[in-house]
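Undergrad: Under this note's numbering, think of the first position of the sequence shown as 30, with each following residue one higher.
Think of the CB as a built atom: it goes at the ideal place given N, C-alpha and C, for glycine as much as any other residue.
Small disclaimer: the values here were computed from a predicted structure and weren't measured.
Below: one structure in structure tokens.
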Amino acid sequence: MYKIDFKSSVKKDFKKISITDIKFIRDSLTDFGKNFSSEYEILLMQKGKIKKLQGQKEDLYRLKLRSYRVIYKKYDDRLVILVFHVTTREGAYK
30 MYKIDFKSSV KKDFKKISIT DIKFIRDSLT DFGKNFSSEY EILLMQKGKI
80 KKLQGQKEDL YRLKLRSYRV IYKKYDDRLV ILVFHVTTRE GAYK
């Protein structure tokens with residue numbers, strides 16, 4: 030199981046999102062962390078739910094949750110998924 034950590038800026042992102050959507054995002058991320066493995070990640074990549082972002086200095090990934098995009102980074106040695114940003118599709122890549 031991976032631990033989910035939120036960067037402090039994610040609190041600011043959550044202020045722009047309804048409470049129902051915040052609950053959905055948190056529940057989805059909890060399930061994501063519980064089920065996370067290399068095989069699960071590959072399956073989600075094949076389905077188009079996860080995509081590795083290109084043009085970044087570090088390995089960042091995008092997770093699709095309904096109309097929201099969660100940008101995250103994996104730390105294999107610490108089993109942590111650090112969530113950088115939560116936003117709608119329109120604002121995800123700015």
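With distances taken from CA atoms, which of K40, T116, S66 is nearest K103?
TA: S66
Undergrad: On the DSSP letters alone, give me the boundaries of the beta strand (DSSP E) that F35 sits inside.
TA: Counting along the chain, the beta strand (DSSP E) containing F35 begins and ends at 32 to 35.
Undergrad: Would DSSP call I100 helix, strand or coil?
TA: strand
Undergrad: What is the DSSP secondary structure of F43, reduced to helix, strand or coil?
TA: helix
Undergrad: Count the CB pairs spanning the stretch 90 to 99 and the stretch 44 to 58 that are closer than 8 Å, and state whether there are at least three.
TA: Three or more beta-carbon pairs drawn from the stretch 90 to 99 and the stretch 44 to 58 are found closer than 8 Å, and the two stretches are therefore classed as touching.
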